[in-house]
Amino acid sequence: MSDNIKNGNSKLFINLSEKEQESLSSGYGMFYMFYQNTNILTSASNIMNISQGDFSGYSNSQTQYKLSQTTFILASLFGESGGSRRNRRRRGSSLLGKIFSFF
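So for the sequence shown, the working numbering puts the first residue at 56; every next one is plus one.
#1: When the Cα of Tyr90 is compared with those of Thr126, Ala130, Ser131, which residue comes out closest?
#2: Which one or two residues does DSSP pair with Lys121 in a beta bridge?
#3: Assuming Asn101 contacts Ser111 (C-beta within less than 8 Å), just tell me the rounded distance between them.
#4: For Ile128, which of Phe86, Ile95, Asp109, Leu122 has the nearest alpha-carbon?
#5: What separation, rounded to the nearest whole angstrom, lies between the Cα atoms of Ile105 and Ile95?
#6: From the DSSP output, which residues share a beta bridge with Gly112?
#7: At the level of alpha carbons, what is the spacing between Thr93 and Ser123?
#8: Taking the alpha-carbon positions, what's the Ser72 to Lys121 distance?
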């Protein structure tokens with residue numbers, strides 16, 4: 056187990072294997088990626104004709120709203136991806152390495 060891991064209550068680690076201790080100390084390597092593309096197009100039209108005796112009127116109003124939004128989230132929960140430094144080196148710790156590990 057890595058010597059750099061500090062624990063606050065060593066009684067919690069009784070009878071755990073080295074791998075279990077590393078997972079509990081540094082957390083499981085939980086990475087996730089989320090992509091969402093949202094396009095909203097809304098339009099409204101109002102036509103009003105008014106007529107009273109000799110008077111007549113006409114009103115026309117139109118409105119349109121457009122929203123385009125792209126959300127991309129790449130996140131890591133519980134810090135690094137659990138395990139020893141040697142394992143992280145083998146997987147690659149670059150951002151691109153982490154992104155491509157999803158595929």
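Built from N, CA and C at the ideal position, the CB exists for glycine as well.
All values reported here derive from a predicted model rather than from experimental measurement.
The relevant details are as follows:
#1: Thr126
#2: Leu96
#3: Actually they do not touch by this definition, with Cβ atoms about 17 Å apart.
#4: Phe86
#5: 33 Å
#6: Ile105
#7: 6 Å
#8: 56 Å
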